[in-house]
Amino acid sequence: MTKPIQIKNLTIGAGIPKICVPLTGTTREKICQEAEDAKKAAADLVEWRADFFEELMNPEACQNVLEALAEILGETPLLFTIRTSEEGGNITISLEDYAACNINIAKGKKADLVDVEVMSNSEEKKKLVAELQKEGVKVIASSHDFHKTDSQEVLLNRFREMEKSGADILKMAVMPHGFEDVAAIMEATNAMRQECEKPLVSMAMGSIGSITRISGENFGSGITFGTIGAASAPGQFPIGELRSLLDALHEKNEEDELKQ
628 MTKPIQIKNL TIGAGIPKIC VPLTGTTREK ICQEAEDAKK AAADLVEWRA
678 DFFEELMNPE ACQNVLEALA EILGETPLLF TIRTSEEGGN ITISLEDYAA
728 CNINIAKGKK ADLVDVEVMS NSEEKKKLVA ELQKEGVKVI ASSHDFHKTD
778 SQEVLLNRFR EMEKSGADIL KMAVMPHGFE DVAAIMEATN AMRQECEKPL
828 VSMAMGSIGS ITRISGENFG SGITFGTIGA ASAPGQFPIG ELRSLLDALH
878 EKNEEDELKQ
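Counting from 628, one number per residue, gives the positions in the sequence shown under our numbering.
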């Protein structure tokens, strides 16, 4: 069963799924404006999608953005992500540069979590996870398939492989082509939480998979992604709508518990 993780004042892996808002601006000014908007919207967690940042390969520029974000966000945790083109992101980057950028961010002590795509170059990524954790950040091991959804068994085994990376949280996103695909990711997540203590995050993208973005409390996903501007993946809800849907489902769950 899931053992929740505490990051600042946020508990991930218990209760209502926490809402993470992605920042996709290309410049420091745009990123900071998005962060201000996310803060005003009471996002639980903010993700800087640095693969959209036009100065990603400039360590000093990245640290300047991080310092500004830390001041804006205060106690709201910050997740740093470089989503590569291989997993639906906005940049093609070498393994060496990917690792160096992430380590630079961790050393800056402004990000609370770092996303690592662990399913490619798995041995090198396992070492990267350990290096990042030594710098004091929590690591989200991630896997994204923007083309299809594998069977429940394959997805469950992928979760198991991701767990071997040593990361603190496991995240998986898939592209469904029918409801059976949506059911597969939900069932795989539910099965994994029975054998894994780490918080899980999962979703089926697009309109078909929208139910997975609001029902994580029921099947075992601890974070969901909402928007204040441009979506970073298909199927994301605006944060206001998402909050209302999550709260409504949580109330129903509590009513059912009281009846038992």
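Note that CB positions come from ideal geometry on N, CA and C, so glycine has one too. Being a predicted model, the structure only gives us computed values, none of them experimental.
Relative to the alpha-carbon of residue i, which residue among the options has its alpha-carbon at the smallest distance?
i	options	result
isoleucine 866	Thr851, Glu656, His877 and Leu876	Thr851
glutamine 760	Ile730, Ser747 and Met830	Ile730
glycine 805	Ala662, Ser834, Thr651 and His771	Ser834
threonine 703	Thr839, Pro649 and Ile720	Pro649
lysine 825	His774, Ser792 and Met813	Ser792
threonine 653	Ala677, Glu822 and Asp795	Ala677
leucine 722	Ala733, Asn748 and Gly701	Asn748
glutamate 698	Gly642, Glu663 and Gly843	Glu663
glycine 847	Asn784, Arg870, Pro803 and Met799	Met799
lysine 753	Leu740, Gly735 and Glu790	Glu790
asparagine 784	Arg820, Lys765 and Pro861	Arg820
valine 756	Gln779, Ser778, Leu693 and Ile732	Ile732
threonine 629	Lys879, Ala641 and Ile855	Ala641
isoleucine 817	Leu797, Asn685 and Phe680	Looking at the sequence provided, one finds asparagine at residue 817 rather than isoleucine. The candidate whose alpha carbon is nearest that of asparagine 817 is Leu797.
alanine 726	Gly701, Met684, Ser837 and Cys823	Met684
methionine 830	Thr854, Cys823, Phe679 and Val809	Val809
tryptophan 675	Asn691, Ala669, Ala668 and Ile658	Ile658
phenylalanine 612	Glu780, Glu682 and Val766	There is simply no residue 612 to check, as the chain begins at 628 and stops at 887 in what is shown.
leucine 672	Glu682, Phe680, Glu661 and Glu681	Glu661
arginine 787	Glu822, Lys879 and Gly735	Glu822
leucine 696	Asp739, Thr719 and Ile720	Asp739
alanine 670	Phe680, Pro631, Lys886 and Phe864	Phe864
glutamine 690	Lys667, Glu814, Lys736 and Ile718	Lys736
asparagine 717	Ala688, Val692 and Phe680	Phe680
threonine 651	Glu881, Ile709, Lys635 and Val801	Ile709
valine 764	Lys734, Glu751 and Gly701	Lys734
isoleucine 812	Ser837, Gln779 and Leu885	Gln779
threonine 656	Gly849, Asp883, Ala665 and Val692	Going by the sequence as given, residue 656 is glutamate instead of threonine. For glutamate 656, the nearest C-alpha among the options comes from Val692.
glutamate 682	Ala665, Lys667, Lys666 and Cys728	Cys728
Locate the beta strand (DSSP E) running through residue i, then write down its first and last residues.
i	result
alanine 800	796-801
leucine 806	Reading off the sequence, residue 806 comes out as phenylalanine, not leucine. Not the beta strand (DSSP E): phenylalanine 806 falls in the alpha helix (DSSP H), residues 806-822.
aspartate 742	740-744
isoleucine 730	From DSSP, isoleucine 730 is part of no beta strand (DSSP E) but of the alpha helix (DSSP H) over 722-734.
valine 648	645-650
isoleucine 639	637-639
Per DSSP, what are the beta-bridge partners of residue i in this structure?
i	result
phenylalanine 786	DSSP output for phenylalanine 786 lists no bridge partner at all.
valine 766	Val741
threonine 708	Arg676
isoleucine 718	Thr711
Along the chain, where does the alpha helix (DSSP H) that runs through residue i open and close?
i	result
lysine 775	That residue, lysine 775, is in no alpha helix (DSSP H); it is neither H nor E in DSSP.
isoleucine 634	That residue, isoleucine 634, is in no alpha helix (DSSP H); its beta strand (DSSP E) goes 632-634.
lysine 754	749-761
alanine 662	655-667
Following a CB-centred definition, is residue i positioned closer than 7 angstroms to any heavy atom of the ligand GDP?
i	result
alanine 665	In the structure shown, the ligand GDP is absent, as is every other ligand, since no ligand is present at all.
Can you list, in chain order, the stretches of the beta strand (DSSP E) that have 3 or more residues and sit fully within the stretch 671-701? Runs of the beta strand (DSSP E) inside the stretch 671-701: 672-676.
Of all the alpha helix (DSSP H) runs that stay within the bounds of the stretch 826-867, which reach a length of 4 or more residues? Runs of the alpha helix (DSSP H) inside the stretch 826-867: 837-841 and 843-846.
Three or more C-beta pairs under 8 angstroms: does that hold for the stretch 708-724 against the stretch 758-778? These segments touch.
Given 8 angstroms as the limit, is there contact between the stretch 773-782 and the stretch 732-752, that is, 3 or more CB pairs closer than that? Verdict: no, contact absent.
Using 8 angstroms as the threshold, is the stretch 873-881 in touch with the stretch 838-846, meaning 3 or more CB pairs across them? Counting C-beta pairs closer than 8 angstroms gives three or more between the stretch 873-881 and the stretch 838-846, which meets the contact rule.
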